[in-house]
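From first to last, the protein sequence lines are chains U and B.
Going by full-length UniProt numbering, the residue at position 236 of the first sequence is 236; the numbering climbs one at a time, nothing skipped.
Going by full-length UniProt numbering, the residue at position 255 of the second sequence is 255; the numbering climbs one at a time, nothing skipped.
Ideal Cβ placement from N, Cα and C applies to all residues, glycine included.
Given the structure is predicted, the values throughout are model-derived calculations rather than measurements.
Inspection log for the structure reproduced underneath, given as structure tokens.
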Amino acid sequence: MENEKLLEVKNLQKHFKVGRNKVVKAVDGVTFDIYKGETFGLVGESGSGKSTTGRTIIRLYDASGGEVKFNNEDVHGKKSKDELLKFNRNMQMIFQDPSSSLNPRMTVMDIIAEGLDVHKLVKDEKERKERVEELLEVVGLNREHASRFPHEFSGGQRQRIGIARALAVDPEFIIADEPISALDVSIQAQVVNLLKKLQKERGLTYLFIAHDLSMVKYISDRIGVMYLGNMVELADSDELYKNPLHPYTKSLLTAIPLPDPEYERARKRVSYDASLLDTSEEPEFREVSPRHWVRCTTKEFEQYKKQVKNK
Amino acid sequence: MSKLLEVKDLAISFNTYNGEVQAVRGVSFDLNKGETLAIVGESGSGKSVTTSALMGLLPKPQSIIKSGQILFEGKDLVGKSNKEMQKIRGKEISMVFQDPMSALNPTMKVGNQIMEGLIKHQNMNRNDAKKKAIELLDLVGIPNPETRMTQFPHQFSGGMRQRVVVAIALACNPKVLIADEPTTALDVTIQAQILELMKDIQKETESAIVFITHDLGVVANVADRVAVMYAGKIVEVGTVDDIFYNPKHPYTWGLLGSMPTPDSDEDELFAIPGSPPNMLNPPKGDAFAPRNKFALEIDGVMEPPMFKVSDTHYAATWLLHEDAPKIEPPASVKKRMQGIAKTGGNE
Numbered sequence: 001m002e003n004e005k006l007l008e009v010k011n012l013q014k015h016f017k018v019g020r021n022k023v024v025k026a027v028d029g030v031t032f033d034i035y036k037g038e039t040f041g042l043v044g045e046s047g048s049g050k051s052t053t054g055r056t057i058i059r060l061y062d063a064s065g066g067e068v069k070f071n072n073e074d075v076h077g078k079k080s081k082d083e084l085l086k087f088n089r090n091m092q093m094i095f096q097d098p099s100s101s102l103n104p105r106m107t108v109m110d111i112i113a114e115g116l117d118v119h120k121l122v123k124d125e126k127e128r129k130e131r132v133e134e135l136l137e138v139v140g141l142n143r144e145h146a147s148r149f150p151h152e153f154s155g156g157q158r159q160r161i162g163i164a165r166a167l168a169v170d171p172e173f174i175i176a177d178e179p180i181s182a183l184d185v186s187i188q189a190q191v192v193n194l195l196k197k198l199q200k201e202r203g204l205t206y207l208f209i210a211h212d213l214s215m216v217k218y219i220s221d222r223i224g225v226m227y228l229g230n231m232v233e234l235a236d237s238d239e240l241y242k243n244p245l246h247p248y249t250k251s252l253l254t255a256i257p258l259p260d261p262e263y264e265r266a267r268k269r270v271s272y273d274a275s276l277l278d279t280s281e282e283p284e285f286r287e288v289s290p291r292h293w294v295r296c297t298t299k300e301f302e303q304y305k306k307q308v309k310n311k
Numbered sequence: 001m002s003k004l005l006e007v008k009d010l011a012i013s014f015n016t017y018n019g020e021v022q023a024v025r026g027v028s029f030d031l032n033k034g035e036t037l038a039i040v041g042e043s044g045s046g047k048s049v050t051t052s053a054l055m056g057l058l059p060k061p062q063s064i065i066k067s068g069q070i071l072f073e074g075k076d077l078v079g080k081s082n083k084e085m086q087k088i089r090g091k092e093i094s095m096v097f098q099d100p101m102s103a104l105n106p107t108m109k110v111g112n113q114i115m116e117g118l119i120k121h122q123n124m125n126r127n128d129a130k131k132k133a134i135e136l137l138d139l140v141g142i143p144n145p146e147t148r149m150t151q152f153p154h155q156f157s158g159g160m161r162q163r164v165v166v167a168i169a170l171a172c173n174p175k176v177l178i179a180d181e182p183t184t185a186l187d188v189t190i191q192a193q194i195l196e197l198m199k200d201i202q203k204e205t206e207s208a209i210v211f212i213t214h215d216l217g218v219v220a221n222v223a224d225r226v227a228v229m230y231a232g233k234i235v236e237v238g239t240v241d242d243i244f245y246n247p248k249h250p251y252t253w254g255l256l257g258s259m260p261t262p263d264s265d266e267d268e269l270f271a272i273p274g275s276p277p278n279m280l281n282p283p284k285g286d287a288f289a290p291r292n293k294f295a296l297e298i299d300g301v302m303e304p305p306m307f308k309v310s311d312t313h314y315a316a317t318w319l320l321h322e323d324a325p326k327i328e329p330p331a332s333v334k335k336r337m338q339g340i341a342k343t344g345g346n347e
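In structure tokens:
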């Protein structure tokens with residue numbers, strides 16, 4: 001399953017102009033691949049550029065540099081309407097805040113069917129209605145919900161509507177930008193279970209952006225850790241949890257409180273001190289052990305390699 | 001340990017256009033000196049309304065305290081006038097709010113906001129208050145407190161702002177500190193710092209903390225005792241070990257089961273189906289029964305009383321009745337009950 005690359009991100013950059021001469025480098029050279037059928041988790045603090053990365057991949061922002069290839073086709077750059085349509089159909093997004101990402105003046109039917117209309121996937125009104133009702137059931141809502149408005153639903157139900165909308169056009173790839181952060185704990189589990197089930201049934205590929213590390217670990221096959229616009233570490237999720245190498249990843253992992261009092265009493269937090277890093281040269285993204293990448297300098301690279309061997 | 005705060009059978013309703021919303025339906029708990037009580041529950045379970053009542057901050061006139069007492073050092077806070085509450089609020093009981101951006105006044109220098117309480121409650125003059133404010137900023141770990149005093153909230157980062165809010169809350173050495181989701185808006189690394197800060201300060205000042213959150217990880221980190229709220233009631237209360245290693249209420253099971261642990265490999269999380277009840281007309285009997293797959297017939301008829309599990313541990317579920325069938329918590333929850341440390345999570 002992990003041989004075919006679905007998405008290739010190469011040295012992606014997104015810079016925002018702030019004021020006259022200032023530039024914020026929100027994403028500053030990020031490189032990773034996402035394979036077909038996997039869930040790729042992207043974690044980091046606010047301001048690390050994880051959401052910007054997601055939004056740039058799906059063309060909500062134009063990239064300042066680098067390239068994104070989806071199914072071996074360049075995502076950015078000039079495109080004809082037809083090309084855009086095809087691309088938009090294959091890549092969809094689920095947003096963080098289900099109340100602001102649904103148009104309050106549209107019925108659930110119209111919200112979900114918007115993609116169907118744009119891509120002309122249904123012939124007539126009857127088929128449209130059928131498709132929407134089918135989708136509602138897939139995400140665990142009732143057929144009768146189609147005629148209602150978003151404000152009539154709870155947060156968890158709204159997020160389900162967002163998922164149904166993303167699924168409507170039968171995409172291959174879904175970017176989920178903090179899809180559960182705004183939900184209650186018990187509802188989070190429902191939505192995560194739903195996302196997992198859909199992935200199994202439809203062979204979806206996810207880019208899952210979140211800051212809740214334990215949930216990301218649970219849902220992802222591989223995880224990338226972002227810090228200040230760069231990806232500092234990338235590995236299989238088990239490997240990342242067991243052998244974090246980059247000091248920032250370590251600090252992030254030791255900062256998560258876990259639901260276990262005894263563990264919590266013993267937990268020692270490692271704080272991140274950027275001044276301890278080797279600054280003799282510009283760090284690069286290197287593969288320390290198979291499938292485990294860390295952003296480091298040559299010196300640190302040797303050091304990490306030793307560390308991995310001793311484990 | 002002396003009881004600092006005692007809440008007895010508190011019930012609070014809101015009048016809305018649609019009718020009466022029973023936000024809190026008979027909540028009782030107590031708080032000892034120097035301890036941390038965590039109140040957990042979903043949004044709408046009434047945890048924030050309970051603490052607003054403790055602070056005397058319920059919106060009037062649409063809210064009514066229908067019954068109950070809030071005894072602070074033996075004196076009832078219910079029915080106190082706003083003027084009387086102002087003497088207590090900020091001085092004896094103070095609060096750390098969830099969103100530091102909206103809790104601070106954007107047009108006022110940070111220093112003045114901290115000094116406000118000192119001047120009002122401690123009758124300090126401006127110079128003394130200023131000194132104390134600088135001390136406080138230093139205490140909560142803000143570098144260069146003198147210059148920071150003259151800055152505005154927007155010049156602070158989220159974590160730093162929350163430190164300022166903590167400093168304001170601590171200014172008058174309150175006996176009770178209420179923290180309403182103080183770290184929900186913050187990043188994990190910043191959250192860890194703020195939690196450590198609050199624990200350190202508690203050690204020094206011996207204040208009691210009521211900590212409201214829905215994050216069980218945070219609860220395990222800070223709490224001595226835990227109260228689990230559902231639909232306006234406390235359904236289970238106990239020490240932090242009781243709740244995490246020997247939970248009795250199916251709702252607590254659901255909360256624990258819905259959080260993945262670092263080494264969990266189950267295909268599905270143990271999610272609680274459905275959504276919380278509408279408190280306009282709370283369900284008959286056990287409010288959790290419609291979402292509870294272990295519900296008994298009696299749950300639909302009669303509300304369960306608090307059953308005693310041990311001296312510190314109580315739970316309101318019919319499953320604890322002697323005639324009830326013995327039901328074991330689901331496997332995934334049991335695994336969590338054994339603790340992550342023992343099942344070998346990340347070191």
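Rounded to the nearest angstrom, the gap between the Cα atoms of Lys126 (chain U) and Glu133 (chain U) is 11 Å. Here Arg89 (chain U) carries a helix assignment [DSSP, helix/strand/coil]. Counting other Cβ atoms within 10 Å of its Cβ, Ile180 (chain U) reaches 16 or more and is therefore classed as buried. Judged by DSSP in its simplified three-state form, His292 (chain U) adopts strand. Rounded to the nearest angstrom, the gap between the Cα atoms of Met108 (chain B) and Pro182 (chain B) is 21 Å. The residue among U:Asp177, U:Gly66, U:Leu277, U:Leu84 with its C-alpha nearest the C-alpha of Gln96 (chain U) is U:Asp177. Membership of Phe32 (chain U) in any alpha helix (DSSP H) is not indicated; the residue belongs instead to the beta strand (DSSP E) covering 22-35.
In terms of beta-carbon proximity, Thr261 (chain B) lines the interface with chain U, with at least one pair separated by less than 9 Å. Residue environment: Ala38 (chain B) is assigned as buried (16 or more neighbouring CB atoms within 10 Å of its CB, all protein chains considered). Following the DSSP letters along the chain, one finds Lys305 (chain U) inside the alpha helix (DSSP H) bounded by residues 298-310. Under DSSP, Thr16 (chain B) shares a beta bridge with B:Gly19. Residue nearest to Ala274 (chain U) within the set U:Trp293, U:Tyr61, U:Ser251, U:Tyr263 is U:Ser251 (criterion: CA-CA distance). Cα atoms of Asp170 (chain U) and Gly65 (chain U): separation of roughly 30 Å, rounded to the nearest angstrom. When 7 Å is used as the limit between beta carbons, Val270 (chain U) is near no residue of chain B, the shortest such separation being about 10 Å.
Look at Ile256 (chain U): its C-beta is under 9 Å from a C-beta on chain B.
Nearest to Leu245 (chain U) by alpha-carbon distance, out of U:Ile256, U:Glu233, U:Arg269, is U:Glu233. Note that the C-beta distance between Trp253 (chain B) and Pro325 (chain B) is not below 9 Å. Under the DSSP assignment, Asn193 (chain U) falls in the alpha helix (DSSP H) whose first and last residues are 185-202. Annotation: Arg89 (chain B) has no Cβ neighbours in chain U at a cutoff of 7 Å; minimum Cβ distance is about 29 Å. At a cut-off of 9 Å between beta carbons, Glu268 (chain B) contacts chain U. DSSP, read as helix, strand or coil, puts Gly66 (chain U) in strand. Annotation: the continuous beta strand (DSSP E) that includes Phe211 (chain B) extends over 208-213. Residue burial annotation: Gly77 (chain U) is exposed, with fewer than 16 other C-beta atoms found within 10 angstroms of its C-beta. Secondary-structure assignment with DSSP links Gly238 (chain B) through a beta bridge to B:Val226. At a cut-off of 9 Å between beta carbons, Ser51 (chain U) makes no contact with chain B. Shown here, Glu287 (chain U) sits in a strand according to DSSP, grouped into three states. Met109 (chain U) is outside the set of residues whose beta carbon lies under 9 Å from a beta carbon in chain B.
Fewer than three Cβ pairs drawn from the region 220-230 of chain U and the region 154-161 of chain U lie within less than 8 Å of each other, which leaves the two stretches out of contact. Put simply, the backbone Cα of Val309 (chain B) is about 10 Å away from that of Ala316 (chain B).
Ranked by how close their Cα comes to the Cα of Ala146 (chain U), the residues U:Ile175, U:Asp110, U:Gly54 have U:Asp110 in first place. Taking 9 Å as the threshold, the shortest C-beta distance from Pro273 (chain B) to chain U falls below it. Burial state of Val185 (chain U) is buried, judged by a 10 Å Cβ sphere holding 16 or more other Cβ atoms. For Leu213 (chain U), at least one C-beta of chain B is nearer than 9 Å to its own C-beta. Taken atom to atom, the span from the alpha-carbon of Glu206 (chain B) to that of Ser51 (chain U) is near 41 Å. Boundaries of the alpha helix (DSSP H) harbouring Arg148 (chain B): 145-149, taken from the DSSP string.
Look at Pro247 (chain U): its C-beta is not under 9 Å from any C-beta on chain B.
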